[in-house]
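Structure first, then comments.
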Amino acid sequence: MTDQELDVGTDSPAEVDFKCATKDLIYGMDIVKRSIGTGRDMPILSGVKLEIRDEELKLTSTDLEMTTRCTVPISNLEGSSTVVLKGDVLAKIMQRIPEDGEVRLKSDPEENQKVELSSGPINFDLFQLSTEDYPSVEELPEEPVAKINVDELKNAIKQTTFAALKAKETTRLSLTGVKTIFEEDQLKMIATNGYRMSVKTIPLSEVEERTDLLIESGALTELDRILSGTESEEVSVYASKSEVFFVSDDVVFSDKLIMEQFPEYEAVIPEDNELPLKLDRNRTLETLARAEITASEESGAVELRAEEGSDGLTMYSSSPEKGELEEVVELIEPSQGDVEISFKAEFLIDALRRMSTDEVVLWLRDSETAGLLEPAKGEGDFLYVCMPISAER
0 MTDQELDVGT DSPAEVDFKC ATKDLIYGMD IVKRSIGTGR DMPILSGVKL
50 EIRDEELKLT STDLEMTTRC TVPISNLEGS STVVLKGDVL AKIMQRIPED
100 GEVRLKSDPE ENQKVELSSG PINFDLFQLS TEDYPSVEEL PEEPVAKINV
150 DELKNAIKQT TFAALKAKET TRLSLTGVKT IFEEDQLKMI ATNGYRMSVK
200 TIPLSEVEER TDLLIESGAL TELDRILSGT ESEEVSVYAS KSEVFFVSDD
250 VVFSDKLIME QFPEYEAVIP EDNELPLKLD RNRTLETLAR AEITASEESG
300 AVELRAEEGS DGLTMYSSSP EKGELEEVVE LIEPSQGDVE ISFKAEFLID
350 ALRRMSTDEV VLWLRDSETA GLLEPAKGEG DFLYVCMPIS AER
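As numbered in numbering that gives the first Met the number 0, the sequence shown has no gaps in its residue numbers, which increase by one up to the final residue, 392.
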């Protein structure tokens, strides 16, 4: 491999010399490694930037959409400096070094553009990449929009991102995003794929000003992973015209906003569904999972049937290739009307798996109107809208 392919720069090699607890560098690389670029079009994006200032090391990775920064403590033996190293190489090295020790990174004066990484008997020589070519990243805005409890944010991400489309599934970028609205004393997150919609509301102590953001669902999933690797209890949210930032202790995660119009979600929420089906969540999940086995490959439909006054909800699915299933799920309260409607089993399963209450209510009107699923009690900050489908498709 040539120097050009390695993206080795022509700028003067940095003088680097610092020691770091191995577990701290493992932690830092684990945080930033997922937003390392592939480097196919811009080889420099395959690098991780290491900025040494005083007794801190700031690690930065970016793919030009997502950017992750993590700061870890070090013992600085040289002074302030910046170096860029191959991110995947450094990440793999840190996965294979015993964490109960110390690692030292020191520039090699005899080998141009190389940094020696050592830990006990382990010695690596790593190529420096060009610091001049590494893209600049947007600085943090001065004031946060709001502060959110980490566990509540993680739960909101879990309960919304699944309803969005993945980038490879559509050209409508708005359907790959989660509408994120900060207003008054709450945060509302909404995601839809055009056939289902999830809405989650989180109470907040204070919101500086109403802020509407459209955040790529994959970025929020990555944020969830990052927060799971920290011990933070609170995350601060900042926003610029083009980017959103999440700051939690020693981590800054940012992502480019989707600059498209999100669907008018409020118009989709049914207001006249007056027929409630009160169900045990786990029992319903188990039956739907069985019904999905014999559902049509094309539609995935499961039919729901009940008569007024009935204590049970019949679930039915069939396909010529696989057979059929008919099973009755006990209703917690008798049905207040006749029911005959079909939904994609997968869509109901996805929502029920992300709810935590024992009992749920499916509000219906007729076979052509979207159903509204929500917790029966104790979790009124979540609702899920699902369009019906034809069982004959």
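Heads up, the beta-carbon is just placed ideally off N, CA and C, and yes, glycines get one too.
None of these values were measured; they are calculated from a predicted model.
Local conformation of residue i per DSSP, three classes
i: R352; result: helix
i: Q260; result: coil
i: G27; result: helix
i: D124; result: strand
i: G217; result: helix
i: D223; result: helix
i: G119; result: coil
i: P134; result: coil
i: P72; result: strand
i: V88; result: helix
i: A13; result: coil
i: S34; result: helix
i: V144; result: coil
i: M41; result: coil
i: T66; result: strand
i: L347; result: helix
i: T229; result: coil
i: I388; result: coil
Residue burial classification, residue i (beta-carbon count within 10 angstroms, cutoff 16)
i: A400; result: Residue 400 is absent from the model: the chain starts at 0 and stops at 392.
i: K178; result: buried
i: K165; result: exposed
i: D215; result: Sequence inspection shows Glu at residue 215; the Asp mentioned does not correspond to that position. E215 comes out buried.
i: K91; result: exposed
i: M258; result: exposed
i: A344; result: buried
i: D254; result: buried
i: P333; result: exposed
i: T37; result: exposed
i: A300; result: buried
i: P387; result: buried
i: K321; result: exposed
i: I189; result: buried
i: Q260; result: exposed
Range covered by the beta strand (DSSP E) that runs through residue i
i: D254; result: V250 to K255
i: T81; result: S80 to K85
i: R304; result: A300 to A305
i: A238; result: E233 to A238
i: M314; result: G311 to S318
i: T61; result: E55 to T61
i: V47; result: G46 to R52
i: G322; result: G322 to E329
i: T101; result: Per the sequence shown, residue 101 should be read as Glu rather than Thr. Element bounds for E101: E101 to S106.
i: S341; result: V338 to K343
i: V246; result: E242 to S247
Cβ-heavy atom distance, residue i to the ligand MN, below 7 Å
i: L172; result: For the ligand MN, the structure offers nothing, since it holds no ligand at all.
Closer than 8 Å to chain D by CB, residue i
i: I156; result: Protein chains in the displayed structure number just one, and chain D is not present.
Bounding residues of the alpha helix (DSSP H) (the contiguous stretch that carries residue i)
i: E292; result: Position check: residue 292 holds Ile in this sequence, whereas Glu was assumed. Counting along the chain, the alpha helix (DSSP H) containing I292 begins and ends at R280 to T293.
Open item on the list: Tell me whether the segment 59 to 75 and the segment 115 to 127 touch, counting them as touching only if at least three CB pairs, one residue from each stretch, are closer than 8 Å.
Closed with: no
TODO: Return the chain-ordered ranges of every alpha helix (DSSP H) run that is complete within the segment 147 to 208 and spans a minimum of 4 residues.
DONE: 149 to 159
Open item on the list: Taking contact to mean 3 or more Cβ pairs, one atom from each stretch, closer than 8 Å, check whether the segment 129 to 148 and the segment 194 to 213 are in contact.
Closed with: yes
Task: Every unbroken beta strand (DSSP E) inside the segment 357 to 384 [3 residues or more] - done: 358 to 363 and 370 to 374
Open item on the list: For the segment 26 to 44 against the segment 126 to 133, do three or more pairs of beta-carbon atoms, one drawn from each stretch, fall closer than 8 Å, so that the two count as touching?
Closed with: yes
- [ ] Report yes or no: do three or more beta-carbon pairs, one from the segment 282 to 298 and one from the segment 259 to 266, lie closer than 8 Å?
- [x] no
Open item on the list: Using a Cβ distance threshold of 8 Å, determine whether the segment 278 to 288 contacts the segment 351 to 367, with at least three qualifying pairs required.
Closed with: yes
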